[in-house]
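Read left to right, the sequence shown gives residues -25 to -1, 1 to 886 (mature numbering (1 follows the signal peptide of the UniProt record, and there is no 0)). Backbone N, C-alpha and C fix where the C-beta goes; we use that ideal spot for every residue, glycine too. Some notes on the structure that comes next.
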Amino acid sequence: MGCRFLLQGLLFFLLSLLQFNPLLAYSLKSCTVTSPDNTTEVWVGCSDQGLAAVPDDVPRNATSLDLSSNHIVMINSGDFNSLSKLRYLHMKTNWISGVDDGAFGDLSELLELEMDKNNFTKLSDNMFHGLWKLTILSLEENQITHVSPRALQSLISLKTVRLNYNQLQTVEIRTILQLPNLQELFLEFNILTSFQTNNLQVNTSNLRTLSIGHNYIQRFSITTDIFPHLQSVHLSGPSGLKWDVPNSTFLRSLTVLDLHMVDVSCDTFVRMLQSTESLQTLALTAMTNRRVLAALVGISCRNRVVTSLDLSENGFVTIADTLLRSCSQLTELDLSFNDLQDMSDLALTSLKQLRCLELNNNYLKTVPRAIRGLSTLEIFNLSFNFISELTCSDFLNLTRLTELHLDQNRISVVDGCVFQDLKNLRVLNISGNAVRKLVDFFKVNSKKLEVLDLSGNFLIVLKQGDFRNLPSLRYLDLQSGKYYPANNGAFEGLNGLKTLIVTPFMHNVMNFTGMPQLENLKLLVTFSLKSSYDNPEPPFTHLPSLKNLIIEKYDGQYDMSADFLKGLKCLENFRDVKAELFQPIPNLQALDLSNNKLRSLDFLIWANLSALRQLTLRHNELTVINETVLQSLPALTYLDLFGNPFSCDCSNAGFIQWVISNNQTQVVNAHQYDCAFPLSKKGTKLLDFDVQSCWMDVSFLCFISSTCLVVLTLLSSFIYHFLRWQLAYGFYLFLAFLYDSRKKKKGTPHQFDAFVSYNVHDEAWVYREMLPVLEEEQGWRLCLHHRDFQPGKPIMENITDAIYGSRKTICVISRHYLQSEWCSREIQMASFRLFDEHKDVLILLFLEEIPTQQLSPYYRMRKTVKRRTYLSWPQAGQHTGVFWQNVRRALETGDGPTDNNLKPHTVSVSA
């Protein structure tokens, strides 16, 4: 019923002043994360982001997730993995047509699931598996034609099911009614043709509310006692509805019956009332036959149990004396949304117990005289009519009235005498009228008034003392489309006021006094705003409790002194602000500077806002964000910069890097920020800009590269000139080490007695002098590279195999030998074998006298380590036999370790 009037405007404003704690989280790609003060709730909003799938970056501690108004077509397994704390999930207005089995399996704490306005055609088995704690399921405005018997089986805690605007037939509701804890079932706007208990296959149900209006119900039959707790039924349908409830105990708990567009006969209606003996609230709305309706009203009122009657939307033009004559027991009456232009002075005479009367949305031009005798009336709604004048007798004797709604009429003058009898009035709404002045407003008997809404009027002036006798007032709305002056002391006496919305008056009389408990102040500015010339102190000095200030502008701009905002904690909507403005308010926690054409935030660096947590800068002209600004706000956890024309170049590189890497401040919808400059980047996203290119200085890179090249060239030259032999020697030693390791594992016996290493220039001497003696006379097996190397095999492998396949290595050294690369490698390899095996495996034969300084580094190393066995051919002279005998003795020497105790010496043969 409309009599349960909620102050939507007041609640909406107060909620807008609530501060939310943005989480200490990263910037999500398509979502916003907030948390209400003093709670553990984590709300994630992803609505209207063009999403084609559930985002994968939803925080794991989310308790509420809103995915409404996107393009999601399917709920897949894994979409909600790890969201075990989620309790509220909203996915209305998508294109969802199916849900994978077990897709909600991780949502064990989910309480509410909303999937209205999607493309579901059926509810399949295991679709909601795992939702053990779900209490509310809403699937309105889909195309559901079938509900599987097992679709809702796991929803053991489900209490409310909303399936309005689908294509369900009667047979489909059997499964739903089998839910053990179901209390509310909404099936309006389907294609149900009947509701009969003998077709439901249900023993008993906990159902409290059944709404099946706007179907094609032709028969409503409850012939068994399966709804002992049913309290409310909503029906509508074609003419000829058959009501079959043979036993009044079957609906013994029913208190609300709503009949909308139901054309029933008086006999049928009597049977309805006879089978609903506990009925208290009856709605007869949008009835087509007004004469039958009048009879039904009479029948209803003779049922003394009915206390609330709804007759809205019936097209009444007037209310006659007789219509409600027998309704003396009514406490609530709703005549809204009719065509009422007048009503008889005696129309309400019999309603001696009426507490709530709804006459809103009609065509009344004056306050009906019929209400003057309603001394029990507590709530009276006359909004959206055509009343232009209030007289001092309009509300006579309404001493119990607590709420009076006169909004959206044509009232131009409000005289104090109008409300003289309203001693208990707590809520008065006169918004949206044409009130120009208040005449002795509230000077008597309004000491209990708590809410006063005068917004949307045309006040000329506020006089001193206009609100003096309202000590209980908590909320006052004086918003107007144009400014008006206020005399000094206009707000005196409002000692309990918490919230004030006002259009500022002349700047030289702008002083807020007389409101010591004011916490929320909203100013709607229409011109340049300054402190009073007569009173130089800040305008909010006498508001010690003020925490939240909203200043919105209609046009123009305003200027402020440096101490203008002294003492505030929360601030929103400013233009052309300066750093000095914030110096007196270091405890400021929320700042909204949206729609102010700001081009720079540098003023915040010096603003001393160390406690600021929330900063909103939507739809300004910011192109570059200086990261120094962000560093000056150490407590910032929420930043909204949506709708600014960002420049996607290196000037924003620091900001982009900060957005991506910081783990304290949530930058709302940062991944949706568009590039406006340069033109080549227009249409791309700010966070897609490659900041790495900004860290590379081309000239510096060229300097580093050229420097490295020069150093590398010098180093290479030095190594080649001074260390080439040592490096080469080390390399081949390493190769020899690898070969030796493999050789030891195999344990292969020696194939030759000696490998002869010589230069090709000395080949004639080897064949003429050496081979005849060592092979033919002495019988040694020698390895010669031209004779014994394996064809096709790499040279280094042949050399290594020859050295390690022979007991000894004979190096025939000459000047040509020392200049040969391959000979040098052969002696290197043999030297490593000498060092590794600690065996005397190396025999040096000098064909020429070579000074020591001309010897290669390899020979000098050999001479340093082992100087026992080397032979000189030039010294042999004519005594070659002795020379070859010494060679024989060297070859006959065993492979055992050399005697390190013997002093190295030189074996030479002289002539």
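If you follow the alpha helix (DSSP H) that residue i is part of, which residue opens it and which one closes it?
{"i": "N629", "result": "One point to set straight first is that residue 629 is Gly, not Asn, in the sequence displayed. Counting along the chain, the alpha helix (DSSP H) containing G629 begins and ends at 628 to 636."}
{"i": "D41", "result": "Note, D41: premise wrong, no alpha helix (DSSP H); beta strand (DSSP E) at 39 to 41."}
{"i": "T150", "result": "148 to 152"}
In whole angstroms, what separates the C-alpha of residue i from that of residue j?
{"i": "P162", "j": "S668", "result": "Sequence inspection shows Leu at residue 162; the Pro mentioned does not correspond to that position. Rounded to the nearest angstrom, the two C-alpha atoms are 60 Å apart."}
{"i": "Y338", "j": "S325", "result": "24 Å"}
{"i": "L866", "j": "D728", "result": "8 Å"}
{"i": "T263", "j": "A409", "result": "37 Å"}
{"i": "T868", "j": "V862", "result": "10 Å"}
{"i": "L323", "j": "L349", "result": "8 Å"}
{"i": "V884", "j": "R790", "result": "Low local confidence applies: a pLDDT of 32 at V884 is under 50, so the model's placement there is unreliable, and no value is given."}
{"i": "L759", "j": "V686", "result": "45 Å"}
{"i": "L334", "j": "G53", "result": "53 Å"}
{"i": "G391", "j": "I362", "result": "17 Å"}
{"i": "F578", "j": "N562", "result": "17 Å"}
{"i": "N644", "j": "L614", "result": "10 Å"}
{"i": "W797", "j": "R808", "result": "17 Å"}
{"i": "T306", "j": "L397", "result": "19 Å"}
{"i": "E602", "j": "N637", "result": "12 Å"}
{"i": "K327", "j": "T351", "result": "7 Å"}
{"i": "I294", "j": "D428", "result": "30 Å"}
{"i": "N178", "j": "A269", "result": "39 Å"}
{"i": "Q558", "j": "L540", "result": "9 Å"}
{"i": "R375", "j": "T341", "result": "21 Å"}
How about residue i and residue j: do their beta carbons lie closer than 9 Å?
{"i": "L332", "j": "L371", "result": "no"}
{"i": "L822", "j": "P849", "result": "yes"}
{"i": "L210", "j": "D233", "result": "yes"}
{"i": "L3", "j": "Q641", "result": "yes"}
{"i": "I131", "j": "L154", "result": "yes"}
{"i": "G658", "j": "D649", "result": "yes"}
{"i": "H51", "j": "A37", "result": "The residue you asked about is not His; residue 51 is Asn in the sequence shown. Against a cut-off of 9 Å, the Cβ pair of A37 and N51 comes out as no contact."}
{"i": "F359", "j": "I346", "result": "no"}
{"i": "S72", "j": "N101", "result": "no"}
{"i": "S631", "j": "L661", "result": "One detail in the question is off: residue 631 reads as Ile in this sequence, not Ser. Taking 9 Å as the Cβ cut-off, I631 and L661 qualify as a contacting pair."}
{"i": "Q249", "j": "L216", "result": "no"}
Among the options, whose alpha-carbon lies nearest the alpha-carbon of residue i?
{"i": "L521", "options": "E527, L499, L556, I560", "result": "I560"}
{"i": "L413", "options": "L437, F858, L427, L397", "result": "L437"}
{"i": "F103", "options": "E116, I476, F79, S59", "result": "F79"}
{"i": "L453", "options": "N470, G468, L434", "result": "L434"}
{"i": "R588", "options": "L133, L597, A610", "result": "A610"}
{"i": "K423", "options": "V402, S406, G431", "result": "V402"}
{"i": "E159", "options": "I476, L138, F291", "result": "L138"}
{"i": "H189", "options": "S214, V604, I197, E527", "result": "S214"}
{"i": "K802", "options": "I825, K814, I778", "result": "Here the sequence assigns Ile to residue 802, which means Lys is not the residue at that position. Measuring from the Cα of I802, the nearest candidate turns out to be I778."}
{"i": "D32", "options": "T7, K108, A565, G77", "result": "T7"}
{"i": "T591", "options": "G618, T598, W581, N583", "result": "G618"}
{"i": "E494", "options": "E353, G471, L143, S10", "result": "G471"}
{"i": "D41", "options": "N399, T9, S57", "result": "T9"}
{"i": "K457", "options": "G629, L498, T260, F557", "result": "L498"}
{"i": "V245", "options": "H235, C276, Q765", "result": "C276"}
{"i": "F170", "options": "K134, L133, V220", "result": "V220"}
{"i": "R35", "options": "L310, N45, H46, W18", "result": "W18"}
Quick one: give me the first and last residue of the beta strand (DSSP E) that residue i is part of.
{"i": "S311", "result": "No beta strand (DSSP E) contains S311, which DSSP labels as neither H nor E."}
{"i": "A777", "result": "Looking at the DSSP string, A777 is not in any beta strand (DSSP E); the run it does join, the alpha helix (DSSP H), is 770 to 779."}
{"i": "L427", "result": "426 to 428"}
{"i": "M247", "result": "Counting along the chain, M247 falls outside any beta strand (DSSP E), though it belongs to the alpha helix (DSSP H) covering 241 to 249."}
Give a yes or no on whether 9 Å exceeds the smallest Cβ distance from residue i to chain D.
{"i": "L379", "result": "Among the protein chains of the structure shown there is no chain D, as only one such chain exists."}
Taking three-plus beta-carbon pairs below 8 Å as touching, is the stretch 246 to 256 in contact with the stretch 289 to 301? no
Specify whether the stretch 566 to 575 and the stretch 624 to 634 touch according to this definition: at least 3 beta carbon pairs, one from each stretch, less than 8 Å apart. no
Are the stretch 459 to 466 and the stretch 432 to 447 in contact at 8 Å, needing three or more beta carbon pairs? yes
For the stretch 124 to 143 against the stretch 91 to 103, do three or more pairs of beta-carbon atoms, one drawn from each stretch, fall closer than 8 Å, so that the two count as touching? yes
Take every Cβ of the stretch 220 to 239, pair it with every Cβ of the stretch 196 to 205, and state whether three or more of those distances are shorter than 8 Å. yes
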